[in-house]
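The next block holds one structure in the form of C-alpha coordinates; read it before the comments.
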(Lines of atoms letter the chains of each structure in order from A and count residues from 1; the text may use other names and numbers.)
(Lines give C-alpha, C1' and ligand atoms only; values in the text may rest on other atoms or scores of the structure.)
Protein backbone atom coordinates (compact mmCIF):
# COMPACT_ATOMS: atom_id res chain seq x y z
CA UNK A 1 0.00 0.00 0.00
CA UNK A 2 1.31 3.43 -0.91
CA UNK A 3 1.24 6.66 1.05
CA UNK A 4 2.40 5.76 4.54
CA UNK A 5 4.62 8.78 5.11
CA UNK A 6 3.24 11.42 7.40
CA UNK A 7 4.46 14.94 6.93
CA UNK A 8 2.84 17.73 8.84
CA UNK A 9 1.82 20.70 6.71
CA UNK A 10 4.19 23.61 7.14
CA UNK A 11 1.37 26.19 7.28
CA UNK A 12 -2.32 26.03 8.14
CA UNK A 13 -4.69 25.59 5.23
CA UNK A 14 -6.48 28.78 4.22
CA UNK A 15 -10.04 28.93 2.89
CA UNK A 16 -9.95 28.44 -0.86
CA UNK A 17 -6.66 26.52 -0.82
CA UNK A 18 -6.78 23.21 -2.68
CA UNK A 19 -7.26 20.26 -0.37
CA UNK A 20 -4.28 17.94 -0.06
CA UNK A 21 -5.48 14.35 0.08
CA UNK A 22 -2.25 12.86 1.36
CA UNK A 23 -2.24 9.07 1.21
CA UNK A 24 -5.98 8.99 0.44
CA UNK A 25 -5.31 9.75 -3.21
CA UNK A 26 -3.72 6.29 -3.55
CA UNK A 27 -6.29 4.32 -1.54
CA UNK A 28 -8.83 2.31 -3.49
CA UNK A 29 -11.55 2.60 -0.87
CA UNK A 30 -11.42 6.38 -0.85
CA UNK A 31 -11.39 6.56 -4.65
CA UNK A 32 -14.31 4.13 -4.88
CA UNK A 33 -16.23 6.35 -2.47
CA UNK A 34 -15.42 9.52 -4.42
CA UNK A 35 -16.41 7.90 -7.73
CA UNK A 36 -19.67 6.66 -6.19
CA UNK A 37 -20.44 10.13 -4.83
CA UNK A 38 -19.74 11.76 -8.20
CA UNK A 39 -21.88 9.19 -10.03
CA UNK A 40 -24.71 9.65 -7.53
CA UNK A 41 -24.59 13.45 -7.89
CA UNK A 42 -24.59 13.19 -11.69
CA UNK A 43 -27.61 10.87 -11.61
CA UNK A 44 -29.30 13.20 -9.13
CA UNK A 45 -28.92 16.11 -11.55
CA UNK A 46 -30.48 14.05 -14.35
CA UNK A 47 -33.42 12.92 -12.22
CA UNK A 48 -34.02 16.10 -10.20
CA UNK A 49 -37.33 16.89 -11.94
CA UNK A 50 -38.85 13.54 -10.99
CA UNK A 51 -39.28 14.36 -7.32
CA UNK A 52 -37.78 11.27 -5.75
CA UNK A 53 -34.30 10.68 -4.42
CA UNK A 54 -32.16 8.83 -6.96
CA UNK A 55 -31.14 6.30 -4.32
CA UNK A 56 -34.63 4.88 -4.65
CA UNK A 57 -33.90 3.75 -8.22
CA UNK A 58 -32.02 0.58 -7.24
CA UNK A 59 -34.69 -0.35 -4.70
CA UNK A 60 -37.53 0.10 -7.20
CA UNK A 61 -35.57 -1.79 -9.87
CA UNK A 62 -34.91 -4.73 -7.56
CA UNK A 63 -38.57 -4.91 -6.51
CA UNK A 64 -39.72 -4.74 -10.15
CA UNK A 65 -37.31 -7.52 -11.15
CA UNK A 66 -38.29 -9.65 -8.12
CA UNK A 67 -42.02 -9.17 -7.41
CA UNK A 68 -42.81 -10.36 -3.90
CA UNK A 69 -39.22 -9.96 -2.67
CA UNK A 70 -38.91 -9.87 1.11
CA UNK A 71 -37.43 -6.87 2.87
CA UNK A 72 -34.60 -9.06 4.18
CA UNK A 73 -33.66 -10.27 0.71
CA UNK A 74 -34.00 -6.74 -0.68
CA UNK A 75 -31.73 -5.45 2.06
CA UNK A 76 -29.01 -7.95 1.12
CA UNK A 77 -29.38 -7.37 -2.62
CA UNK A 78 -29.33 -3.60 -2.19
CA UNK A 79 -26.32 -3.56 0.13
CA UNK A 80 -28.32 -1.74 2.79
CA UNK A 81 -28.72 -2.49 6.45
CA UNK A 82 -32.30 -3.43 7.38
CA UNK A 83 -32.45 -0.44 9.72
CA UNK A 84 -31.84 1.96 6.80
CA UNK A 85 -34.00 0.02 4.35
CA UNK A 86 -37.12 0.00 6.55
CA UNK A 87 -37.67 3.80 6.50
CA UNK A 88 -36.95 3.84 2.75
CA UNK A 89 -39.56 1.13 2.15
CA UNK A 90 -42.03 2.93 4.43
CA UNK A 91 -41.54 6.13 2.40
CA UNK A 92 -42.15 4.29 -0.87
CA UNK A 93 -45.30 2.70 0.60
CA UNK A 94 -46.52 6.10 1.87
CA UNK A 95 -45.99 7.58 -1.60
CA UNK A 96 -48.00 4.75 -3.16
CA UNK A 97 -45.05 3.44 -5.17
CA UNK A 98 -44.80 -0.02 -3.63
CA UNK A 99 -47.18 -2.35 -1.83
CA UNK A 100 -46.07 -4.16 1.31
CA UNK A 101 -48.12 -7.27 2.12
CA UNK A 102 -47.65 -9.94 4.76
CA UNK A 103 -46.46 -13.31 3.61
CA UNK A 104 -49.25 -15.90 3.78
CA UNK A 105 -47.02 -18.56 5.32
CA UNK A 106 -44.91 -16.40 7.64
CA UNK A 107 -46.88 -13.45 9.02
CA UNK A 108 -43.66 -11.85 10.31
CA UNK A 109 -42.40 -11.43 6.73
CA UNK A 110 -43.43 -8.71 4.30
CA UNK A 111 -43.47 -9.08 0.52
CA UNK A 112 -42.91 -6.07 -1.72
CA UNK A 113 -44.34 -5.29 -5.17
CA UNK A 114 -44.49 -2.16 -7.30
CA UNK A 115 -47.79 -0.37 -7.74
CA UNK A 116 -48.78 1.06 -11.14
CA UNK A 117 -47.47 4.45 -9.92
CA UNK A 118 -44.21 2.74 -8.94
CA UNK A 119 -43.87 1.26 -12.43
CA UNK A 120 -44.43 4.69 -14.01
CA UNK A 121 -41.84 6.29 -11.75
CA UNK A 122 -39.38 3.48 -12.44
CA UNK A 123 -39.85 4.00 -16.19
CA UNK A 124 -38.97 7.69 -15.80
CA UNK A 125 -35.98 6.91 -13.58
CA UNK A 126 -34.82 4.24 -16.03
CA UNK A 127 -34.73 6.86 -18.80
CA UNK A 128 -32.49 8.98 -16.55
CA UNK A 129 -30.35 5.94 -15.69
CA UNK A 130 -29.84 5.10 -19.36
CA UNK A 131 -28.63 8.65 -20.05
CA UNK A 132 -26.41 8.42 -16.98
CA UNK A 133 -24.93 5.13 -18.25
CA UNK A 134 -24.18 6.75 -21.62
CA UNK A 135 -22.34 9.53 -19.77
CA UNK A 136 -20.37 6.97 -17.76
CA UNK A 137 -19.55 5.08 -20.96
CA UNK A 138 -17.96 8.25 -22.33
CA UNK A 139 -15.70 8.29 -19.27
CA UNK A 140 -14.71 4.61 -19.07
CA UNK A 141 -14.94 3.77 -22.77
CA UNK A 142 -13.69 0.34 -23.72
CA UNK A 143 -12.71 -0.37 -20.10
CA UNK A 144 -16.36 -0.78 -19.07
CA UNK A 145 -16.34 -4.59 -18.96
CA UNK A 146 -13.06 -4.61 -17.03
CA UNK A 147 -14.33 -2.00 -14.56
CA UNK A 148 -17.56 -3.93 -13.96
CA UNK A 149 -15.62 -7.16 -13.46
CA UNK A 150 -13.29 -5.51 -10.93
CA UNK A 151 -16.13 -3.81 -9.05
CA UNK A 152 -18.04 -7.11 -8.82
CA UNK A 153 -14.88 -8.87 -7.66
CA UNK A 154 -14.34 -6.28 -4.91
CA UNK A 155 -17.97 -6.56 -3.80
CA UNK A 156 -17.89 -10.37 -3.76
CA UNK A 157 -14.54 -10.72 -2.01
CA UNK A 158 -15.24 -8.15 0.70
CA UNK A 159 -18.80 -9.24 1.44
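In the working numbering, the protein residues as written are 10 to 168. Even for Gly, the Cβ is constructed at its ideal location relative to N, Cα and C. Just so we're clear, the structure is a prediction, and the values are computed from it rather than from any experiment.
Less than 8 Å between the C-beta atoms of residue i and residue j, yes or no?
i, j, result
"residue 134", "residue 69", "yes"
"residue 93", "residue 118", "no"
"residue 122", "residue 63", "no"
"residue 81", "residue 91", "yes"
"residue 52", "residue 138", "yes"
"residue 102", "residue 109", "yes"
"residue 55", "residue 166", "no"
If you run the structure through DSSP and keep just helix, strand and coil, what is residue i?
i, result
"residue 167", "helix"
"residue 83", "helix"
"residue 19", "coil"
How far does the alpha helix (DSSP H) with residue i in it extend, from its first residue to its last?
i, result
"residue 117", "Premise fails: residue 117 is in no alpha helix (DSSP H) and is neither H nor E."
"residue 72", "65-74"
"residue 98", "91-103"
"residue 50", "37-56"
Kindly indicate which residue of the options has the alpha-carbon position closest to the one of residue i.
i, options, result
"residue 171", "137, 72, 97, 116", "In this structure the chain extends from 10 to 168, so residue 171 is not present and cannot be described."
"residue 49", "21, 152, 67, 159", "67"
"residue 163", "138, 104, 42, 27", "42"
"residue 159", "97, 37, 32", "37"
"residue 95", "112, 114, 65, 113", "65"
At a Cβ threshold of 8 Å, is residue i touching chain C?
i, result
"residue 130", "Looking for chain C here will not work: only one protein chain is present."
- request: Quick one: which unbroken alpha helix (DSSP H) runs of 4-plus residues sit fully inside the region 124-150? Chain order, please.
  value: 125-149
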